[in-house]
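In the numbering used here, the protein residues as written are 96 to 365.
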């Protein structure tokens, strides 16, 4: 209700492949956006939720019923009001912590903007991994959220005129603990994705090309080194520079995902 250009609509999908077609501006993408919104509680194209509300309306509501492979049904309602914000209800229960719901309705989106995945900035590729892993692992989502929370607090501390170094170190321990969990899960995912890319790229191109994905980490342990120890050493080494710059430069929030073709970066050569 009052979602984008839909004042009121009810859509039922068949099993298998569904094709949505219509004139430009008819609302095809809005249907996909509504599904994405129900699954991840976020739009894939709107900067803020208020942009989802139809003109002259003060709230929108989207409801969905999802049948799982195990036979269970998930009934989700998301309502957003300009004056009270967003509210999520799952199977009749109001959710206070949205992250507890993420992953219950897995969704994969292929969008024209995804062409920027190999050509755009590293933040796009990190987000790609984060969305994928957050749906498949609630442990990863928790680690990521705690890492981002600690990162915000440490950056605020770094921006203070007289930075408390001891307090800074305490936030570093939180970042190390959750950051290592994020890094290890991303590395595992990159390895698994790389094998799939290698197989499917050869099948689609019908050429002897080698596609590969590499997780580029700025906290890397070599020769049997402990990742936490390396992380802690980097913080100590970079701390003075971070205080000067007012931001954290060590950690997975600066990592990248490289797409390679025959050993060369697709961003440059493909």
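Glycine included, C-beta positions come from ideal geometry on N, C-alpha and C. Small disclaimer: the values here were computed from a predicted structure and weren't measured.
Run of the alpha helix (DSSP H) containing residue i, from where it starts to where it stops
| i | result |
| --- | --- |
| residue 161 | Counting along the chain, residue 161 falls outside any alpha helix (DSSP H), though it belongs to the beta strand (DSSP E) covering 154-162. |
| residue 234 | 233-253 |
| residue 332 | 322-340 |
| residue 147 | Neither: residue 147 is in no alpha helix (DSSP H) and is coded neither H nor E. |
| residue 132 | 123-135 |
Distance between residue j and residue i (C-alpha atoms, nearest Å)
| i | j | result |
| --- | --- | --- |
| residue 268 | residue 322 | 13 Å |
| residue 257 | residue 341 | 11 Å |
| residue 276 | residue 314 | 12 Å |
| residue 114 | residue 127 | 11 Å |
| residue 299 | residue 121 | 33 Å |
| residue 343 | residue 119 | 44 Å |
| residue 251 | residue 329 | 20 Å |
| residue 294 | residue 224 | 20 Å |
| residue 263 | residue 179 | 35 Å |
| residue 317 | residue 331 | 18 Å |
| residue 157 | residue 183 | 10 Å |
8 Å contact criterion, which residue i and residue j should meet: CB distance rounded
| i | j | result |
| --- | --- | --- |
| residue 326 | residue 274 | 7 Å |
| residue 200 | residue 133 | 7 Å |
| residue 139 | residue 206 | 6 Å |
| residue 230 | residue 197 | 6 Å |
| residue 220 | residue 351 | 6 Å |
| residue 175 | residue 147 | 6 Å |
| residue 247 | residue 270 | About 11 Å separates the two Cβ atoms, so there is no contact after all. |
Selection from the options that minimises the alpha carbon distance to residue i
| i | options | result |
| --- | --- | --- |
| residue 193 | 203, 232, 187, 181 | 181 |
| residue 243 | 259, 231, 266 | 266 |
| residue 149 | 297, 100, 203 | 100 |
| residue 203 | 262, 251, 130, 261 | 130 |
| residue 189 | 173, 162, 177, 179 | 173 |
| residue 280 | 218, 105, 228 | 228 |
| residue 212 | 316, 335, 308 | 308 |
| residue 312 | 253, 331, 160, 285 | 285 |
| residue 291 | 305, 317, 333 | 305 |
| residue 195 | 136, 156, 145 | 136 |
| residue 154 | 248, 145, 337 | 145 |
| residue 360 | 296, 214, 347, 346 | 214 |
| residue 222 | 348, 357, 141 | 348 |
Opening and closing residue of the beta strand (DSSP E) in which residue i lies
| i | result |
| --- | --- |
| residue 64 | Within the shown structure, residues of the chain are numbered from 96 to 365, placing residue 64 beyond reach of any answer. |
| residue 344 | Residue 344 -> no beta strand (DSSP E), and no H or E assigned at all. |
| residue 310 | 306-311 |
| residue 351 | 351-356 |
Worksheet entry | Sequence ranges, alpha helix (DSSP H) only - wholly within the stretch 153-224, length at least 4 | DSSP runs (the alpha helix (DSSP H)) wholly in the stretch 153-224: 211-214.
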